[in-house]
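Start counting at 1 in the sequence shown, then tack on 75, and there's your number in the working numbering.
Working notes for the structure below.
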Amino acid sequence: MKPRSNNLETKIFRPSSGKYARLIFIPGILGIAFYILKTYHRNASNNEDYAFLIITLIALLLYEAWGLNNFYACKDSLLIKKNFFTIKHTVAWDNIKSMSIKRVNLGQSTYRILVIRVYSGPKKVFKFPVSTASKQTFIKLMKEKNISIKDYS
């Protein structure tokens, strides 16, 4: 997915469409399995199994949604938003010491993270779920802003 611009000074880097599909697909499969199980065991009076499945489904949905970060390259700062949770992190361009993009292996799944080292405070780590083309555009933009960025992914 290409970065989109709202105006001349802001570039938006959104998660790839596959990440949003995962947000719908995995809980959808679990929801269908839950429905089949509930239909099969219609007469069962034990609702604890159903409660466990619902809690697992909600936890998985929240976990997947947590990693969907949008990156806004504004005039004065980099804004990172978690849209589903209305959480925003802002880092001023002049406070960024360096950045690196790394690939994290977690079992059978892998994902990218963006590590932002700042002059004041601890480093900041965010999931970086953008497409490869958007990642390259992001790297180019950071280099234009004279920010050291390394890609280890």
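Ideal Cβ placement from N, Cα and C applies to all residues, glycine included.
Query: So, do the region 196-209 and the region 139-147 have three or more beta carbon pairs nearer to each other than 8 Å?; Result: yes
Query: Measure the alpha-carbon distance for glycine 182 versus isoleucine 101 and round it to whole angstroms.; Result: 17 Å
Query: Between which residues of its own chain and threonine 161 is the CB-CB distance below 7 Å, once the five residues before and five after are set aside?; Result: none
Query: Check tyrosine 227 in the structure and name its three-state DSSP category.; Result: coil
Query: Which stretch, first to last residue, makes up the alpha helix (DSSP H) that contains leucine 216?; Result: 207-219
Query: Compute the Euclidean distance between the alpha carbons of isoleucine 188 and leucine 112, then round it to the nearest angstrom.; Result: 37 Å
Query: Which first and last residues belong to the beta strand (DSSP E) in which asparagine 145 is found?; Result: 144-148
Query: Considering only residues of the same chain and omitting the five flanking positions on each side of arginine 97, which have a CB-CB separation below 7 Å?; Result: Glu139
Query: Please name the residue in Ile155, Leu132, Ala148 and Val190 whose C-alpha comes closest to that of alanine 108.; Result: Leu132
Query: What does the alpha-carbon distance come out to for the pair lysine 210 and serine 184?; Result: 19 Å
Query: Excluding five sequence neighbours on each side, which residues of the same chain lie with their C-beta closer than 7 Å to the C-beta of lysine 220?; Result: Trp168
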